[in-house]
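Numbering (my numbering), first residue to last: 63 to 323.
This is how it looks when you write it as structure tokens:
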């Protein structure tokens, strides 16, 4: 893969049915760099169950990240919410920190909200790593489960209904975890997003994830939801714009302080 340039990454949403065999193989090759116990046949089978895929490419058209998405209404729930379920997600480590994939995903969920303005819209996320959980926790105003907040019973019911619909016989209502008896179930490789005492001491959200999903290293998934609102379309772009500005003015302030000293 070429020398990374995060500014040149481009993310596009494509129909899963439009993917060629060569593209699926390239997706699998990237995924298998970061996950253990991954088989091409199983990966392909899971992929074809999704509706759309966000693919991130560099200027050489190499795939350096992707996330799968599917949409459905939870008709057996009293609120009949519209749900967005994202499955396999990975970004090549050379591009960790880029916002290209997040922004394209935001476009998809905002479109879903605009198409369902009078229905509650929820993103259903299962997380076996803390970075995926932070994608939810750092960008959504209302999400569950979360630190220092008890999940309301109606929201807990949505999590349970979605988990049991997609992963029957694998979800525990007692723990909120989706686990698999198979020891060969896919899981993150050890070098990907390890959790250390230093990290948990600095970030209470990561500590909460670890406490809630203590067997994440074995492939257990924490079932989560985030409410999609129209305001979400403004908050994340604001963060993307403000991040470099904050860094710029922090550096300037540091220089001024040195001069004064």
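Even for Gly, the Cβ is constructed at its ideal location relative to N, Cα and C. None of the values given here were measured: they were computed from a predicted structure.
Can you give the beta carbon distance from residue i to residue j, rounded, assuming they're within the 8 Å contact cut?
i           : j           : result
residue 92  : residue 125 : 6 Å
residue 292 : residue 175 : 6 Å
residue 236 : residue 289 : Residue 236 to residue 289, Cβ: 24 Å. No contact.
residue 121 : residue 190 : Rounded, the Cβ-Cβ distance is 31 Å, inconsistent with contact.
residue 82  : residue 109 : Not confirmed; about 12 Å, so no contact.
residue 286 : residue 206 : 7 Å
Note the first and the last residue of the continuous alpha helix (DSSP H) segment covering residue i.
i          : result
residue 20 : The structure shown does not extend to residue 20, since the chain spans only 63 to 323, so no value can be given for it.
So what does DSSP say about residue i, is it helix, strand or coil?
i           : result
residue 187 : strand
residue 162 : helix
residue 285 : strand
residue 204 : coil
residue 192 : helix
residue 90  : helix
residue 299 : With a pLDDT of only 48 at residue 299, under the threshold of 50, the placement of this residue in the model should not be trusted; the figure read from the coordinates follows. Reduced to three states, the DSSP call for residue 299 is helix.
Straight-line CA distance for residue i to residue j?
i           : j           : result
residue 144 : residue 156 : 35 Å
residue 267 : residue 88  : 33 Å
residue 151 : residue 273 : 22 Å
residue 85  : residue 160 : 22 Å
residue 114 : residue 198 : 19 Å
residue 258 : residue 210 : 21 Å
residue 184 : residue 163 : 19 Å
residue 134 : residue 146 : 7 Å
residue 127 : residue 282 : 22 Å
residue 251 : residue 100 : 11 Å
residue 294 : residue 104 : 34 Å
residue 178 : residue 76  : 21 Å
residue 232 : residue 173 : 31 Å
residue 142 : residue 148 : 19 Å
residue 238 : residue 153 : 26 Å
residue 112 : residue 269 : 31 Å
residue 64  : residue 158 : At residue 64, the pLDDT of 48 sits below 50, so the modelled position is not reliable and the matter cannot be decided from this model.
residue 97  : residue 278 : 13 Å
residue 181 : residue 73  : 28 Å
residue 223 : residue 139 : 8 Å
residue 137 : residue 225 : 14 Å
Determine the extent of the beta strand (DSSP E) in which residue i is found, giving its start and end residues.
i          : result
residue 76 : 72-77
Query - Those runs of the alpha helix (DSSP H) which lie wholly inside the stretch 217-274 and span at least 4 residues - result: 259-264 and 266-274
**Report entry** Minimum length 4: unbroken alpha helix (DSSP H) runs contained in the stretch 101-159
**Finding:** 102-109
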